[in-house]
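Each residue of the sequence shown is one higher than the one before, counting from 1 in UniProt numbering.
Heads up: the structure comes next, in C-alpha cells.
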Amino acid sequence: MLTRRQSGYFPTSLHCREVMKRSETDKIPESGINNKRNRVDIAAVEGCKKEEKPGLINSEEQPLESWPTYLRDLFKLYESLNTIYTFLSARKHIIVTFKIVSTAVEKATGRVLTVEDIALFKYLLPDDISFTYVDKTRIVLESDIKNTSNKTNWKARATDQDLDLYDLRNQEEESNFLLIFEFVDGVLKVDKLAMQAAYQGPQGRYIMKVPEHSLDSMKELIEKRNRKFVCVINNLLDRYESDINGLTLKEEFEKASAFYIPVMPMSSKYTDPVELMSEEKSHKTKTHDSTNGRQSIETIISEIQKSSDYKSQIVVNGYIEIPEQEAYYGELNFKLSQNLINALVKSKGISGFYSHQAESINAINEGKNVIISSSTSSGKSLIYQVPVIYSLERDRSTKAMYIFPTKALAQDQKRALIELISILDPSSGLTDILVETYDGDTPMELRQNIRNNASVIFTNPDMLHVGLLPSHSEWGYFLQNLAYIVVDELHIYNGVFGSNVALIMRRLRRLCALYGNTFVQFISCSATIKNPRDHMKNIFGVEDVVLVDNDGSPMGKKLFLAWKTPFISPNDPKSGRSSVINEAAKLLVDLVKRNVKTIIFCKVRTTCELVIKQVRMLFEQMSLGDLASRVMSYRGGYSPQDRRKIEKEMFTGALIGVVATNALELGIDIGSLDAVIIAGFPYSVSNVRQQSGRAGRKNQDSLTVLIGSGNAVDQHFMENPEEVFTKDLSELVVDLDNHLILEGHIQCAAYELPIIIERDQIYFGPGLKSMADERLAYDKNQSHYLCNSRFEPNPAKFVNIRGIIEPQYAVIDITNDRNVVIEEIEESRTNFTLYEGGIFIHQGYPYLVKSFDVKERYAKVKRVYVDWTTRQRDFTNIDPIQIRSLKPIGNTSNYVYYGDIEITSCVFGFFKVDKRNQIIDAISVDNPPIISESKGFWIDIPLKAIKILREKNLNIPGAIHAAEHAVLNFLPSVVYSEVGDVRCECKAPEKELLKQESQRKRPARLVFYDSKRGLQGTGLSSKAFEFIEELMIDALNRIRSCECKFGCLECISSTQCSEDCLVISKSGARVLLECVLGEDININEIPMGPEENLRGFKCPKDTIIPVIGRVALANDCIITRTETKTPQKEKTEAIKQGDYF
C-alpha cells in the first residue's frame, strides 16, 4: 500500500533556515533573483502568472534594493514562509496549519507571522494561495482508513514537533475547524519515471503513484514562487508611485488584504443541498428572464475572450454563427371548437399554428399515422394534445395512450395536458375526464379506477410489457376504444431497446385487434434523425406514415463554439491539456454571473458531480455563495422527490444553472435556457444537436459550447467543428429478426393470446411458424400455440427490455442524524462509488462513506468539509469460460470462438486526489469482486503478431485495444445494433502506461461481449461472430486508408471507450489484423515505435502474455467449416470435440 509519508531527507526548522541562508547567498542575492544581473524581471501581473525562464528580460527592470524597507521585509517574510511550507508539504502526512507554519517562520526569522500577513500574500497572489478554515473531519478521517501497524510505524518516524495527522484526535481544540495554509500554484517535480507515471489524461485524470521529491526540485519550486512574488511587487511599483488613492502602499495593502482574512464557520451543521435550494427560494423568487438583464451572447463571449483566463480556447473555424429564423404559420383544414381555441390562447398564448403543427394536425385529423421531426422547443407536444381533446369533444368514449421513455417526461406532459383541459369551459363536458399515470409507481388501490375510467393514460414501454398487456382482459374497454397511441422521443428507441419496444407495439396492436379495434392511429415526435419515416414504420409495423419535418417555429440567432481545453503549461503540448471539468465549470460561472441561464451536459454521473463541485468552489472563491444554491446537478440516481423539486425550480427560473447527464437531453420542460455547455463530445453527432437544441426559445439568441478534451475523438471535432452540422447522422436500427429477442416476445404474446400462425404472421414475421414449432407448446385440439410452460405464469419477467434489472442500494445521509435516502445506486455501480473511507459526491458536496452493508443493500454517508476526493483503483477482466461455437478464419490456422463470457470487476483500493488533481495518498481496500455473465466471441492473437509488435517497439495493449475498436466500428454494417450494444475490454492507462512490472497479466486476445448482460446475452455478438472475417477485413482496410495521425472515430477510436481511447496504437492494430487474417506483412512498411500518441512511455511488454491453454468446450459445441470466404455461404456442422483437437 502506498503511504502518504515520503521517504528521504526531511528538514527541521534549522535545516529550513540553512536552506534559506544558502538561497540568500547562492540563489537569491540581496538585490534580487538573477545573480548574474543583480536585477529582477518586470512583467504585468498577468504575465507573472506564467513561469518566466530565468535570465529572460522582457521589460523594464527595477533593483530589489530600491524597494521600500516595508516591502523588503515583506519579501523576506514571504521567502521564509515559502521555504518552510515547501518542505513541509513534501512530507505528506503533515497538515500545514497556520499554527505550525507561523511557529516555524517565527523561529527562522525572529518575526511573528500573523493571519493578516498571509491574507496580504493571498491578496497579492490570489490564485496561488489557499488560506481557509477546514473541517477537522478532513484530516481526522484519515486515521479511520489506516491499519494500526501503519499508524505505529508512522508515529515512530515522526518527530515531536511534527503535527501528525494521526495525533489530531488528541489535540485540544475548541473548534471543529483548523486554519490551513497551502500553496496551490504548482507541484514538486519528480524524476523521469514518476513524470511518466504522472501523465494526465484528457479528463484531467492523473495516472500515477505517489511520487518522491528531491531537494533540488523543492528548491526550484521555492525559487519559482519567489520570482513570481518579486514580479508582482515590481509591477505594483511600476504602476503606482508612493501613493495609491491617497493612501500609502502599506495602508493600501492592509485595506485590500482585509477581505482575504478567513472567517471561521459558525457551525459544522450541514443542510441538504436540495433542501437549501428550497429554503433560499423565498428570497430569490425573481424568475429568470433571459431577455432582461443580460447582454447579447456575442457581447458576453467577446468579454470572456478579453479576460485573463482566456487562452485562445476557441479553435480555428470554431466560431460558427447560425442565423435566426422567422416563424412560418399554417392553417388547419378543419375548424376547432371555440372552447378549445380559447383554452389555447389562455393557457399558451397561441393564436395560430406553426406550419409543421398545422400540417401534422391536419394529417392526424385525416386518420393518418404521423411522425414529426423538428427542433427542440418547436411546439411538438401541441400536435398530439389538440387532436386528443378535439376527438374527446366529439366522443367522450375516445381513449388515448401516451408512452414516454421516462417517468419524468410522462409526468411533465401529463401536467401540460391537464392544465390545458382545466381551462376548457365546463360546457365542453371534458373538465372532469380522468387523465392519469399508469406505471410502476401507481398505487395498487388506484389501478382499477384508472383501467375502468381513464380517458388518457401516461405510461412507459416497461409497464406496457409487464403490466397492461399480460392483464389485457382488464383493459378490454380501453383497448376497444383506443384511438391514439402517442410515442414521444422516438429516437430513443434504438438498438436492443428499440427492437424490444417494436415487438411490444406489435403485441399491443394484436390485442387491440382482439377487441375489434384495427384503426388505432400512431403519433410520434422525434429529434432530427436519419430516415424518421422508416424508423416509425419499423417501430409500429405500419406502412401508412406521414413525415412532417418542415420546422416552422422561430429561432433566435445561435452561436456555436468549439472550445479546446488549453495546455496545462502554455505552449507545451507535452504538459497535457487541462481538465474539461475545470473549463466547463469556469464557463458556467462566467455565464451565470452575467445572468445567462446555462446547462452543462456531462457524459457520466461522476463528471456531473465533479463539475458541480468545481462550480461551487469557484463561487466560494469569488464570494458569490448566494449563487451556489441556484445551480444544481441533475442525473439518474437522485431520489425521485429530489428530481421533481429540481425540475420545478428549473421551470420557474429559480435555478439559473444546471449540470446534468443526458437525463435532461429529453424534452422535459425546464423553461427557457440561454446556453448549453457540452463537457466533452457525447456519444454521437445526434447527441450534440439534441443537447444544443435545449438552448434558445423563439427569438432569443443562444449559445452552445462544445468543449473538447485531449482524447482522439474530441480532438477530431476540435479540428473539424463543421462536422457537427454536416456529418450524416447514424441510422437508427431495429432488428426484428434477432431470434433471442423475438422468442421472448412470442412467448409473451402466446401467453396473452394463443398464437395462430395465419393470423399472427403480420405481427411477428414469416419465421413465426418455425419458431413456434421449436419453442412454443402446440395445442392439437385448438390448432394454436401456447406459451411454453417453463415461462408461466409470467413470461414477461423473463424478458428484460432494457438490460439486466439490477438490485438497488440506498445511500443514507446520516449527517445531523437525518437518516434520509438521498440516492439509489445500481449494484454494478456500488463497487466503484461506495467503499468505506471513500468520498461519495452528491450535488457536488463530499460525503464520507462510514459503512457499507452489502447484505442489507445500503451505505451510510456523512457530510464532511474536504477539498479532496477519492478515485477508485479498479480493474475489469473480460474472460471466456466456455466455447459454444468456433470456426477457422479464412484459410489460416487462426480461429474465432463464440461462447460464455465472464465479466469480473473489482475495486482494490482508491486514490485520494486533491483539488489540483494530484494524488496525495493511495489506500487499499478488500472488496469482493462483482461477477456477471454474458455471451461473446474472441480471437487469440498469433505469436507472430506479438513478435512483430515487440520488434517494432509498438504498444501491444494499445494494438489490441485499437483493433477491437476498429472491428466494433463496423458492427452496424452486419448487425442491427447501436454503438455500445457490443463492447470490448478497454485498456486502462493506469496499468498499460507504467514502466514497472504489472502483476495483472492479460492474455493476448481480442474479446467482444454483449453489453446488456445475462446468461443468454442479446444475440448481437452471436451475429457478429458469423461475419467476423468480413468485419476484420473492413476494419483493416479502413485503418490503411484513414489519413488521421494516430486514430479517429473513422478507424480505431470510439465514443464508448471507458478509458477515453488513451491506450491505442493504429500501427499495432494493423499488424494484429493482418496477422489474424493471414495476410503477408512487409516489415519495412511498419513504422518503429513508440507511437506518436504514446511517446514518452516505454512499451510495457509485460502486461500482455500469449494465450496459454484452452477454454473449455461445451458438450454441444458447434464447429463451422468454412467452404468459402463469403460468410453467408458458411456451412455449420456439429462434430465431436475430438475431431477438433
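Glycine included, each C-beta is placed from N, C-alpha and C at the ideal position.
Beta-carbon contacts of residue i that lie in its chain and below 6 Å, excluding the five residues immediately before and after
i            : result
residue 675  : 591, 596, 598, 695, 703
residue 22   : Low per-residue confidence applies at residue 22: pLDDT is 35, beneath 50, and the placement is therefore not dependable, though the value from the model is reported in the following sentence. So the list is empty, once near-sequence residues are dropped.
residue 751  : 787, 795
residue 1153 : Residue 1153 is absent from the model: the chain starts at 1 and stops at 1141.
residue 754  : 784, 786
residue 670  : 650, 651
Backbone CA spacing between residue i and residue j [nearest angstrom]
i            : j            : result
residue 1009 : residue 924  : 30 Å
residue 77   : residue 713  : 49 Å
residue 757  : residue 507  : 14 Å
residue 1047 : residue 1005 : 20 Å
residue 52   : residue 224  : Note that residue 52 scores a pLDDT of 42, beneath 50, so its modelled location is shaky; the value from the coordinates is reported in the next line. C-alpha separation (whole angstroms): 9 Å.
residue 324  : residue 701  : 8 Å
residue 290  : residue 344  : Confidence at residue 290 is low in this model, with a pLDDT of 45, below 50, so the placement of that residue is unreliable and no value is reported for it.
residue 788  : residue 744  : 11 Å
residue 495  : residue 977  : 5 Å
residue 497  : residue 802  : 5 Å
residue 27   : residue 603  : Reliability of the predicted coordinates at residue 27 is poor, the pLDDT of 34 falling under 50, and the value obtained from them is presented with this limitation in mind. Each residue's alpha carbon lies about 49 Å from the other.
residue 825  : residue 536  : 34 Å
residue 817  : residue 270  : 11 Å
residue 307  : residue 314  : 14 Å
residue 864  : residue 846  : 6 Å
residue 726  : residue 487  : 28 Å
residue 792  : residue 697  : 51 Å
residue 109  : residue 129  : 21 Å
residue 295  : residue 588  : 16 Å
residue 107  : residue 65   : 25 Å
residue 368  : residue 357  : 15 Å
Selected residue, minimal CA-CA separation from residue i, among the options
i            : options             : result
residue 867  : 99, 181, 65, 85     : 181
residue 733  : 639, 1076, 913, 980 : 980
residue 401  : 450, 589, 295       : 450
residue 852  : 845, 846, 862, 844  : 862
residue 458  : 471, 440, 444       : 440
residue 1114 : 1017, 884, 869      : 884
residue 641  : 274, 1065, 513      : 274
residue 557  : 373, 365, 297, 463  : 297
residue 311  : 1015, 1089, 583     : 583
residue 339  : 304, 881, 685, 394  : 394
Cutoff 8 Å; reference residue i; Cβ partners in own chain excluding five residues on either side
i            : result
residue 385  : 416, 417, 420
residue 927  : 831, 835, 906, 907, 908
residue 1108 : 1003
residue 348  : 382, 420
residue 1016 : 740, 935
7 Å CB neighbourhood of residue i in its chain, flanking five on each side removed
i           : result
residue 929 : 904, 905, 906
residue 276 : 629
residue 431 : 421, 422, 424
residue 707 : 563, 565, 580, 583, 584, 677, 678, 679, 680
Please specify which runs of the alpha helix (DSSP H), each continuous and at least 4 residues long, are wholly inside the UniProt domain "Helicase C-terminal" (583-740), giving them in chain order. Counting only runs of at least 4 residues, the UniProt domain "Helicase C-terminal" (583-740) fully encloses the following alpha helix (DSSP H) elements, listed from N- to C-terminal order: 605-621, 625-628, 640-652, 685-692, 712-719, 723-726.
Going along the chain, which unbroken runs of the beta strand (DSSP E) with 3 or more residues stay wholly within the region 893-978? 895-913, 919-924, 930-940
Please go through the region 500-588 and give each complete alpha helix (DSSP H) segment of 4 or more residues, from N-terminal end onward. 532-540
Taking 8 Å as the threshold, find out whether the region 761-775 comes into contact with the region 519-529 through three or more Cβ pairs. no
Using 8 Å as the threshold, is the region 963-971 in touch with the region 1025-1038, meaning 3 or more CB pairs across them? yes
Those runs of the alpha helix (DSSP H) which lie wholly inside the region 974-1023 and span at least 4 residues: 989-992
Entirely within the region 827-894 and at least 4 residues each: give me those alpha helix (DSSP H) ranges in chain order. 827-833
Within the chosen definition, does the region 320-337 reach the region 546-562 through at least 3 CB pairs nearer than 8 Å? yes
Curious, which full-length beta strand (DSSP E) runs of at least 3 residues does the region 372-455 contain? 399-403, 434-437
Give a yes or no on contact between the region 1060-1071 and the region 954-963, applying the rule of three or more CB pairs nearer than 8 Å. Output reads yes: the region 954-963 touches the region 1060-1071.
For the 8 Å Cβ check, are there 3 or more pairs between the region 476-494 and the region 650-659? Two segments are said to touch when three or more pairs of C-beta atoms, one from each, lie closer than 8 Å; by this definition the region 476-494 does not touch the region 650-659.
Count the C-beta pairs between the region 1011-1029 and the region 1082-1096 that are closer than 8 Å, then say yes if the count reaches three, no if not. no
Minimum length 4: unbroken alpha helix (DSSP H) runs contained in the region 297-335: 297-306
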